[in-house]
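Engineer: In order, the protein sequence lines correspond to chains A and B.
Just so we're aligned: the first sequence equals residues 192 to 662 in our numbering.
Just so we're aligned: the second sequence equals residues 3 to 106 in our numbering.
Ideal placement from N, C-alpha and C gives every residue a C-beta, glycine not left out.
Here's a structure for you.
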Amino acid sequence: MTPATVFLQQPDFIRACYIVAFSLFIYGLSGLTGPRTAVRGNRIAAVGMAIAVVATLLNKGMGNWGLIVLGLAIGTAIGVPAARNVKMTQMPQMVALFNGVGGGAVALLAWVDFRNSGGFAHTPTYVTIFSLFAGIVGSVSFWGSNIAFGKLQEILPGRPITLGRGQQFVNGALFLLAVALGVAIAAGSHAQILIIGMLLAAAALGNLIVLPIGGADMPVVISLLNAFTGLSAAATGIALNNTALIVAGMIVGASGTILTRLMAEAMNRSIPAIVAGGFGGTVTAPGVEGPEGGGTVRSTSPDDVAIQLSYARLVVIVPGYGMAVAQAQHAVRELTRELEKRGVEVKFGIHPVAGRMPGHMNVLLAEADVPYDQLKEMDEINPEFPRADVVLVIGANDVTNPAAKDQPSSPIYGMPILEVDQAHSIIVLKRSMNSGFAGIDNPLFYNEKTALLFGDAKSSVSDVVSAVQDL
Amino acid sequence: MLLTNLAILVLAGFVGYAVISKVPNTLHTPLMSGTNAIHGIVLIGGLLVLGLEGHGFLNKVLLVIAIVFGTINVVGGFLVTDRMLEMFKQRSPDVVKRDEDDAK
Numbered sequence: 192m193t194p195a196t197v198f199l200q201q202p203d204f205i206r207a208c209y210i211v212a213f214s215l216f217i218y219g220l221s222g223l224t225g226p227r228t229a230v231r232g233n234r235i236a237a238v239g240m241a242i243a244v245v246a247t248l249l250n251k252g253m254g255n256w257g258l259i260v261l262g263l264a265i266g267t268a269i270g271v272p273a274a275r276n277v278k279m280t281q282m283p284q285m286v287a288l289f290n291g292v293g294g295g296a297v298a299l300l301a302w303v304d305f306r307n308s309g310g311f312a313h314t315p316t317y318v319t320i321f322s323l324f325a326g327i328v329g330s331v332s333f334w335g336s337n338i339a340f341g342k343l344q345e346i347l348p349g350r351p352i353t354l355g356r357g358q359q360f361v362n363g364a365l366f367l368l369a370v371a372l373g374v375a376i377a378a379g380s381h382a383q384i385l386i387i388g389m390l391l392a393a394a395a396l397g398n399l400i401v402l403p404i405g406g407a408d409m410p411v412v413i414s415l416l417n418a419f420t421g422l423s424a425a426a427t428g429i430a431l432n433n434t435a436l437i438v439a440g441m442i443v444g445a446s447g448t449i450l451t452r453l454m455a456e457a458m459n460r461s462i463p464a465i466v467a468g469g470f471g472g473t474v475t476a477p478g479v480e481g482p483e484g485g486g487t488v489r490s491t492s493p494d495d496v497a498i499q500l501s502y503a504r505l506v507v508i509v510p511g512y513g514m515a516v517a518q519a520q521h522a523v524r525e526l527t528r529e530l531e532k533r534g535v536e537v538k539f540g541i542h543p544v545a546g547r548m549p550g551h552m553n554v555l556l557a558e559a560d561v562p563y564d565q566l567k568e569m570d571e572i573n574p575e576f577p578r579a580d581v582v583l584v585i586g587a588n589d590v591t592n593p594a595a596k597d598q599p600s601s602p603i604y605g606m607p608i609l610e611v612d613q614a615h616s617i618i619v620l621k622r623s624m625n626s627g628f629a630g631i632d633n634p635l636f637y638n639e640k641t642a643l644l645f646g647d648a649k650s651s652v653s654d655v656v657s658a659v660q661d662l
Numbered sequence: 003m004l005l006t007n008l009a010i011l012v013l014a015g016f017v018g019y020a021v022i023s024k025v026p027n028t029l030h031t032p033l034m035s036g037t038n039a040i041h042g043i044v045l046i047g048g049l050l051v052l053g054l055e056g057h058g059f060l061n062k063v064l065l066v067i068a069i070v071f072g073t074i075n076v077v078g079g080f081l082v083t084d085r086m087l088e089m090f091k092q093r094s095p096d097v098v099k100r101d102e103d104d105a106k
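Below you can see the structure in the form of structure tokens.
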């Protein structure tokens with residue numbers, strides 16, 4: 192063995208590498224908070240991760256190399272194409288999926304720790320407790336994220352699926368069961384069935400927490416599960432006495448918690464209320480064709496829309512998930528160019544939770560080259576709506592629903608919305624009369640100032656663009 | 003050992019809080035995706051346990067799955083964040099402005 196190898200295998204050298212690694216995580220993350228430094232920040236964090244992985248492999252006495260390489264190779268073979276090929280519009284479910292597998296890894300590690308130590312037989316109690324905590328939270332995160340993925344990918348129905356009144360009771364019982372099994376293990380029972388039961392109870396809990404949650408709350412849930420996985424990784428770090436895991440996991444836990452709170456505040460929803468049972472049982476019947484309560488819907492044509500837009504002074508575009516699904520962002524950019532050529536002022540009103548993740552619309556519009564300064568946040572754009580001649584709502588629904596302001600019985604009552612009904616006229620681009628992802632009827636569509644242009648958002652916008660060009 | 007680790011845990015929590023608390027809305031999605039990649043660090047937990055204490059068939063299977071999961075989390079997470087951010091980088095108004103200034 193050469194002196195260099197001996198040096199590299201010293202535990203202190205490996206620990207020093209971990210310090211470098213988590214410093215790079217922190218430095219990289221601070222870069223992620225500004226648009227100019229963000230790309231570099233992400234890459235710096237990735238370098239930190241590479242250092243941590245290589246340093247780990249230097250450990251003296253490492254074996255099972257074939258299996259290690261196999262695991263890394265399979266993971267890379269799955270992860271790289273998935274990340275490369277995912278469409279920008281499918282980003283939220285991709286993040287949910289990547290988050291889920293992280294939680295899954297944590298849960299599996301807790302199980303193996305149990306098996307390796309004969310049911311934590313001669314393990315310090317605190318290691319047992321942190322390991323079991325990681326197992327429960329990791330399992331909740333894995334299953335919850337998978338459900339979130341399934342809902343966003345539309346494998347599962349997007350609207351809330353609940354057990355009705357018993358929901359909270361069942362959730363509470365599963366939580367207590369998982370904790371009770373964990374306590375039994377920590378108290379000295381070594382039967383493997385206990386930890387399997389604990390992980391399964393947590394798995395069921397993860398399913399049941401996310402299934403009742405409607406689409407409008409999904410961004411908050413993904414962020415919350417992201418924080419969960421971070422916390423569980425930190426707990427694993429304490430159980431394994433590994434600083435890199437502790438620091439990296441805890442940073443994610445802390446930042447994810449803040450992000451979750453910011454998002455919940457933007458929707459005027461409390462995190463406990465979201466977790467305890469989604470929108471509850473107050474959701475109106477889904478997929479209602481035609482108006483409810485006697486309102487009528489006025490539809491319009493691309494040519495009329497083009498005329499209205501071209502002779503407006505201020506047009507505010509409100510994009511939503513429909514724009515993302517139809518990939519209409521480039522056509523929208525084209526439309527703004529045409530209108531600006533004619534001297535129309537165009538602004539974008541971005542609701543904090545439009546789409547399926549915070550910043551989702553910003554990412555799509557940035558992809559289409561829309562300048563930053565045209566994107567206005569909710570507080571900035573709301574006072575401007577009374578001045579707007581035309582508001583063009585492209586595939587957004589719940590975030591414009593006036594019921595949130597004036598119908599206390601509505602499930603989204605209290606959520607801050609973009610007050611598009613204040614504008615002189617409103618044009619809504621919609622695929623059909625189906626209600627939004629949250630399954631709530633929108634009185635905006637029956638407003639006498641509103642006209643609806645039915646069809647796929649992308650082709651509708653393209654039609655409007657060519658109509659504007661022909662004017 | 004426990005107390006040292008708890009100290010690290012608490013400090014890391016405050017660091018996470020301090021670093022993240024001022025992020026523009028625009029960057030929330032990439033930020034979520036980037037932090038998501040970082041908790042893929044659990045990969046090294048899988049590597050350590052498989053490399054040093056990986057005995058028995060079922061344990062090995064579980065650990066290989068954990069490593070696969072961790073690798074997907076890390077590699078996929080960083081790549082997807084990079085793709086998202088690339089779109090911001092090229093069109094950042096600051097960069098455009100700086101380029102214009104350089105051209106003068």
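Using a beta-carbon distance below 7 Å, is VAL51 of chain B in contact with chain A?
Structural biologist: Here residue 51 of chain B refers to the residue found at position 49 when the second sequence is read from its first residue. Chain A contact via Cβ: present.
Engineer: Does PRO510 of chain A come out as helix, strand or coil in the three-state DSSP assignment?
Structural biologist: The sequence position of residue 510 of chain A within the first sequence is 319, counting from 1. Here PRO510 of chain A sits in strand by DSSP.
Engineer: Let me confirm a value: ILE210 of chain A is counted as buried when at least 16 other C-beta atoms fall within 10 Å, else exposed. Which label applies?
Structural biologist: Within the first sequence, residue 210 of chain A is the residue found at index 19, counting from 1. Burial call: exposed.
Engineer: Between the beta-carbon of LEU422 of chain A and the beta-carbon of GLY47 of chain B, is there less than 7 Å?
Structural biologist: Position 231 of the first sequence, counted from the start, is the residue given in the question as residue 422 of chain A. Position 45 of the second sequence, counted from the start, is the residue given in the question as residue 47 of chain B. Contact flag unset, no.
Engineer: Is PHE71 of chain B close to chain A, meaning its C-beta is less than 7 Å from at least one C-beta of that chain?
Structural biologist: For the purposes of this step, residue 71 of chain B is taken as the residue at position 69 of the second sequence. Answer yes: the Cβ-Cβ gap between PHE71 of chain B and chain A drops below 7 Å somewhere.
Engineer: If I follow the unbroken alpha helix (DSSP H) through GLU575 of chain A, where does it start and stop?
Structural biologist: As a first step, residue 575 of chain A must be located in the first sequence, where it is residue number 384. Unbroken run through GLU575 of chain A: none, as it is neither H nor E.
Engineer: Could one say the Cβ of ALA527 of chain A lies closer than 7 Å to chain B's Cβ atoms, at least one of them?
Structural biologist: Numbered from 1 along the first sequence, position 336 holds the residue referred to as residue 527 of chain A. In the sequence as presented, Ala is not what sits at residue 527 of chain A; that position holds Thr. It does not: the Cβ of THR527 of chain A has no partner Cβ on chain B nearer than 7 Å.
Engineer: Drop a sphere of 10 angstroms on the beta-carbon of ARG350 of chain A, count the other beta-carbons inside from all chains shown, and report buried for 16 or more, exposed for fewer.
Structural biologist: Translated into the one-based positions of the first sequence, residue 350 of chain A becomes position 159. Buried.
Engineer: Does LEU64 of chain B come within less than 7 Å of chain A when only Cβ atoms are used?
Structural biologist: One-based indexing of the second sequence puts residue 64 of chain B at position 62. So, interface residue.
Engineer: For ILE387 of chain A, I'd like the list of residues in its chain whose CB is within less than 8 Å of its CB, leaving aside the five on either flank, ordered along the chain.
Structural biologist: Residue mapping note: residue 387 of chain A aligns to position 196 of the first sequence, counting from 1. Excluding residues within five positions, the ones whose Cβ falls inside 8 Å are TRP302.
Engineer: Can you pull the DSSP bridge partners for ILE442 of chain A?
Structural biologist: In the first sequence, counting from the first residue as 1, residue 442 of chain A sits at position 251. ILE442 of chain A is not bridged to any residue.
Engineer: Could you tell me the alpha carbon to alpha carbon distance between GLU456 of chain A and ILE462 of chain A, rounded to whole angstroms?
Structural biologist: Numbered from 1 along the first sequence, position 265 holds the residue referred to as residue 456 of chain A. Numbered from 1 along the first sequence, position 271 holds the residue referred to as residue 462 of chain A. Distance between the alpha carbons of GLU456 of chain A and ILE462 of chain A: 9 Å.
Engineer: If we cut at 7 Å on Cβ distances, does MET240 of chain A have a partner in chain B?
Structural biologist: By one-based count along the first sequence, residue 240 of chain A stands at place 49. Yes, because at least one Cβ of chain B sits closer than 7 Å to the Cβ of MET240 of chain A.
Engineer: Pop quiz: ASN417 of chain A and GLY447 of chain A are said to be a contact at Cβ under 8 Å. What is the actual Cβ separation, rounded to whole angstroms?
Structural biologist: Sequence index remark: in the first sequence, residue 417 of chain A carries index 226 (1-based). Sequence index remark: in the first sequence, residue 447 of chain A carries index 256 (1-based). Indeed, because the Cβ distance is near 4 Å, the residues count as touching under 8 Å.
Engineer: For TYR218 of chain A, decide whether its Cβ has a neighbour in chain B, counting only Cβ atoms nearer than 7 Å.
Structural biologist: If you number the first sequence from 1, residue 218 of chain A lands on position 27. Taking Cβ atoms only, chain B never reaches closer than 7 Å to TYR218 of chain A, which makes this a no.
Engineer: Quick one: which residues of the region 400-415 of chain A get their C-beta closer than 9 Å to a C-beta of chain B? List them in chain order.
Structural biologist: Correct list: PRO410, ILE413, SER414.
Engineer: Enumerated in chain order, which unbroken segments of the alpha helix (DSSP H) with a length of 4 residues or greater are wholly contained in the region 334-392 of chain A?
Structural biologist: If we require 4 residues or more, the alpha helix (DSSP H) runs fully inside the region 334-392 of chain A come out as 358-377.
Engineer: Shortest alpha-carbon distance to VAL488 of chain A belongs to which of A:GLU639, A:ALA312, A:ALA339?
Structural biologist: Looking up residue 488 of chain A in the first sequence gives position 297. Taking only the C-alpha atoms, the option nearest VAL488 of chain A is A:GLU639.
Engineer: Please decide whether LEU436 of chain A counts as near chain B, where near means a Cβ-Cβ distance under 7 Å.
Structural biologist: By one-based count along the first sequence, residue 436 of chain A stands at place 245. Chain B contact via Cβ: present.
Engineer: Can you give me the start and stop residues for the alpha helix (DSSP H) that ILE69 of chain B sits inside?
Structural biologist: Counting from 1 along the second sequence, the entry for residue 69 of chain B is found at position 67. First-last of the alpha helix (DSSP H) with ILE69 of chain B: 59-73.
Engineer: From ILE69 of chain B to ALA274 of chain A, what distance separates their C-alpha atoms?
Structural biologist: The sequence position of residue 69 of chain B within the second sequence is 67, counting from 1. The sequence position of residue 274 of chain A within the first sequence is 83, counting from 1. Approximately 18 Å between the Cα atoms of the pair.
Engineer: Is the separation between the beta-carbon of GLY270 of chain A and that of GLY294 of chain A shorter than 7 Å?
Structural biologist: Taking the first sequence and counting its residues from 1, one reaches residue 270 of chain A at position 79. Taking the first sequence and counting its residues from 1, one reaches residue 294 of chain A at position 103. Result no, Cβ atoms of GLY270 of chain A and GLY294 of chain A do not sit closer than 7 Å.
Engineer: ALA594 of chain A to PRO602 of chain A, Cα distance in whole Å?
Structural biologist: Numbered from its first residue, the first sequence carries residue 594 of chain A at position 403. Numbered from its first residue, the first sequence carries residue 602 of chain A at position 411. Taking the straight line joining both Cα atoms gives about 9 Å.
Engineer: Among the candidates B:ALA39, B:GLY72, B:PRO26, B:LEU29, whose CA atom is the shortest distance from the CA of LEU50 of chain B?
Structural biologist: To locate residue 50 of chain B, count along the second sequence from 1; it is residue 48. Ranking B:ALA39, B:GLY72, B:PRO26, B:LEU29 by Cα distance to LEU50 of chain B puts B:GLY72 first.
Engineer: So MET282 of chain A packs on ILE327 of chain A, CB below 8 Å; how close in whole Å?
Structural biologist: In the first sequence, residue 282 of chain A corresponds to position 91, counting from 1. In the first sequence, residue 327 of chain A corresponds to position 136, counting from 1. Not quite, the Cβ-Cβ distance comes to about 28 Å (not below 8 Å), so this is no contact.
Engineer: Counting only beta-carbon atoms, is SER446 of chain A nearer than 7 Å to chain B?
Structural biologist: The count along the first sequence starts at 1 and reaches residue 446 of chain A at position 255. Taking Cβ atoms only, chain B reaches closer than 7 Å to SER446 of chain A, which makes this a yes.
Engineer: Could you tell me whether the region 9-19 of chain B touches the region 53-66 of chain B, using the rule of 3 or more Cβ pairs below 8 Å?
Structural biologist: Output reads no: the region 53-66 of chain B does not touch the region 9-19 of chain B.
Engineer: For the ligand GDP, is there a heavy atom less than 6 Å away from the beta-carbon of ARG622 of chain A?
Structural biologist: Within the structure as shown, the ligand GDP is missing, as the structure has no ligands at all.
Engineer: Does any residue of chain A have a CB that is nearer than 7 Å to the CB of LEU87 of chain B?
Structural biologist: Within the second sequence, the letter at position 85 stands for residue 87 of chain B. Yes, its Cβ sits closer than 7 Å to a Cβ of chain A.
Engineer: Please classify ALA426 of chain A as buried or exposed, where buried requires at least 16 neighbouring CB atoms within 10 angstroms.
Structural biologist: As a first step, residue 426 of chain A must be located in the first sequence, where it is residue number 235. Per the 10 Å Cβ criterion, buried.
Engineer: Using a Cβ cut-off of 7 Å, pull out every chain B residue sitting near LEU261 of chain A, in sequence order please.
Structural biologist: As a first step, residue 261 of chain A must be located in the first sequence, where it is residue number 70. Simply VAL66.
Engineer: Whose Cβ in chain C lies nearer than 9 Å to the Cβ of LEU450 of chain A?
Structural biologist: In the structure shown, chain C cannot be found, because the protein chains are A and B.
Engineer: Determine the closest residue to ASN233 of chain A out of B:GLY58, B:VAL17, B:THR37, with distance taken between C-alpha atoms.
Structural biologist: By one-based count along the first sequence, residue 233 of chain A stands at place 42. Cα-wise, what sits closest to ASN233 of chain A is B:THR37.
Engineer: Let me see if you follow: with CB-CB separation under 7 Å, is TYR317 of chain A close to chain B or not?
Structural biologist: Numbered from its first residue, the first sequence carries residue 317 of chain A at position 126. Taking Cβ atoms only, chain B reaches closer than 7 Å to TYR317 of chain A, which makes this a yes.
Engineer: Where MET214 of chain A and ARG206 of chain A are concerned, what is the direct C-alpha to C-alpha distance, given to the nearest angstrom?
Structural biologist: For the purposes of this step, residue 214 of chain A is identified with residue 23 of the first sequence, where counting begins at 1. For the purposes of this step, residue 206 of chain A is identified with residue 15 of the first sequence, where counting begins at 1. According to the sequence shown, residue 214 of chain A is Ser rather than Met. One C-alpha to the other measures close to 12 Å.
Engineer: Our contact map puts PRO26 of chain B next to THR83 of chain B with C-beta atoms below 8 Å; I'd like the distance itself, whole angstroms only.
Structural biologist: Counting from one through the second sequence, the residue named residue 26 of chain B turns up at place 24. Counting from one through the second sequence, the residue named residue 83 of chain B turns up at place 81. With 8 Å as the limit, PRO26 of chain B and THR83 of chain B do not qualify as a contact, their Cβ atoms being about 16 Å apart.
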